[in-house]
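Under the numbering used here, think of the first position of the sequence shown as 3, with each following residue one higher.
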Amino acid sequence: MGTFQYTATDRTAKIVHGSMEAADERAVVAWLRANGYYPIKVGQPGATTGTRPSTVRLQTAFIRGPSVQDILAFTQQLATLLEAGMELDRSVAILLDLTDNERLRSILRGILTDIQTGSSFADSLAKHPRLFSRLYVNMVKAGEASGVLEVILGRLAGFLERSKAVRDEVTSALIYPVLLLFVGGGAVVVMMNFVIPRFAQIFADTKQLMPLPTRILLAISAFTTGYWWVFIGLIIVGWASLRTYLQTEQGRMRWDEWKLALPLFGSLIREIEVSRFARTFGTLLQSGVPVLNAVSIVKDTLTNRVIAGAMSRLQEGVKRGEGISGPLRATAAFPPFSVHMARVGEETGRLEEMLIKVADTYDERVRRTVKRLTSLLEPVLILSLGLIVGFIVLSMLLAIFSINELPV
3 MGTFQYTATD RTAKIVHGSM EAADERAVVA WLRANGYYPI KVGQPGATTG
53 TRPSTVRLQT AFIRGPSVQD ILAFTQQLAT LLEAGMELDR SVAILLDLTD
103 NERLRSILRG ILTDIQTGSS FADSLAKHPR LFSRLYVNMV KAGEASGVLE
153 VILGRLAGFL ERSKAVRDEV TSALIYPVLL LFVGGGAVVV MMNFVIPRFA
203 QIFADTKQLM PLPTRILLAI SAFTTGYWWV FIGLIIVGWA SLRTYLQTEQ
253 GRMRWDEWKL ALPLFGSLIR EIEVSRFART FGTLLQSGVP VLNAVSIVKD
303 TLTNRVIAGA MSRLQEGVKR GEGISGPLRA TAAFPPFSVH MARVGEETGR
353 LEEMLIKVAD TYDERVRRTV KRLTSLLEPV LILSLGLIVG FIVLSMLLAI
403 FSINELPV
């Protein structure tokens, strides 16, 4: 049990603040809803969900811009306020006061001014493309046109939350292997450049021919310490050349083709892109965005040029009246399961629902694939680092034993 502070609104759009003892945040939310309140913000005192003093806001203003979590919280809270019957401008004004991030506060201040001077919410959001994507803006525009903005914002919040959850799971799974690689690699670099050279001088003073493994190790160490600038130069030149090549359309396409052809990782990349396509497309169609416009927006959200290129062919197929599943199959970029689900959705009139199911399925596949890859990657990294360190230790021991065998 802990103490939680909350900010909520009632059916008369009155903002209330309070605190209560509960097991977790979900229990507080359930209690608020059961008592006729719409929860806006729930958190423990001192947590990031609480309202911070202005001094902290000013300090964080120079640390980071609005994060995905900030936008997600803003979307969820705005949907709650609108659902409670509050006007859009007043809702934005309340969130302006509740927002911790100073940069987001500045943006919301401009959005509030635009709304109060007669601009639409979508047009105001469109002025900040780095913060609010085309997907976000077009869904809001569809919500404003249909008069169900709170419903659309709820769907948008669910979309953002699901996407963030998958991304966070992938990132969390890769933290340990990456950390292991950096720590182990750093230890090897330190030994090769600082420890081994000290032993090399001792071995040289003995005037004795060292064992072959020791000679190999000493040669590698001498090369890395004497020509370290060559490695740095090669890394810089290689990185600059790759970066320049990837800035060309042909280079980016070849790079994305190569990533999809990678063993193990290629299928993971394809599953992530298919999930992003299906969830984005399905959410847009649910929100009333026209199909052609939705395809154009989906194309912008895909990071792989090969998969994104299929969107152009899909767009042409839709214009010719071929539907969705036919052009998808013709691109050969999408797995058969996703194509069949799209066809079932078209035949039953439930395309949006089928696309969301496809996204859920591939999200689960991504989680399983990442888990398998990390479970495979960790022992491979440990074994590789163990072999390298073992070779270094063995080489040193052989040299020491050979010195001890010298006649007195």
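Positions of the beta carbon are idealized from the N, C-alpha and C atoms, including for glycine. Keep in mind it's a predicted model, so treat the numbers as computed, not measured.
For residue j and residue i, believed in contact at Cβ under 8 Å, the rounded distance
i: Leu158; j: Met141; result: 5 Å
i: Glu348; j: Ser327; result: 6 Å
i: Val31; j: Val18; result: Actually they are not in contact, since the Cβ atoms of Val31 and Val18 sit about 14 Å apart, beyond 8 Å.
i: Ala202; j: Ser223; result: 7 Å
i: Leu286; j: Ile299; result: 6 Å
i: Gly186; j: Leu387; result: 4 Å
i: Ile73; j: Leu151; result: Actually they are not in contact, since the Cβ atoms of Ile73 and Leu151 sit about 16 Å apart, beyond 8 Å.
i: Leu90; j: Ile117; result: 6 Å
Beta-carbon spacing of residue i, residue j below 7 Å
i: Ala75; j: Tyr40; result: no
i: Glu2; j: Ile309; result: Missing from the structure shown is residue 2; the chain here goes from 3 to 410 and no further.
i: Ser122; j: Glu85; result: no
i: Leu389; j: Leu183; result: no
i: Lys129; j: Val70; result: no
i: Ala401; j: Phe205; result: yes
i: Glu23; j: Met3; result: yes
i: Leu114; j: Ala144; result: no
i: Val341; j: Arg352; result: no
For residue i: DSSP bridge partner residues
i: Gln7; result: Ser21 and Gly45
i: Tyr40; result: Thr11
Other residues of its chain near residue i: CB distance less than 7 Å, five sequence neighbours each side excluded
i: Arg369; result: Glu171
i: Gln288; result: Arg157 and Glu354
i: Arg278; result: Thr303 and Leu304
i: Pro47; result: Thr5 and Gln7
i: Leu97; result: Phe76, Gln79, Leu80 and Leu110
i: Thr51; result: Only weak support is given to the placement of Thr51: the predicted model assigns it a pLDDT of 43, under 50, and the question is left unresolved by the model.
i: Met193; result: Ile394
i: Val346; result: Met356
i: Gly67; result: Arg105
Close-in-space but distant-in-sequence residues of the same chain around residue i (CB under 6 Å, 5 per side omitted)
i: Arg254; result: Leu248 and Arg307
i: Ala280; result: Leu357, Val360 and Ala361
i: Leu379; result: Pro179
i: Gln317; result: Val297
i: Ser148; result: Gly290
i: Val191; result: none
Close beta carbons around residue i, own chain, < 8 Å, minus the five adjacent residues each side
i: Asn195; result: Ser223, Thr226, Thr227 and Trp230
i: Lys373; result: Ala175
i: Pro199; result: Ser223, Ala224 and Thr227
i: Ser243; result: none
The region 391-400 contacting the region 213-233, beta-carbon criterion three pairs below 8 Å: yes
Examine the Cβ distances between the region 171-182 and the region 312-325 and report whether three or more of them are shorter than 8 Å. no
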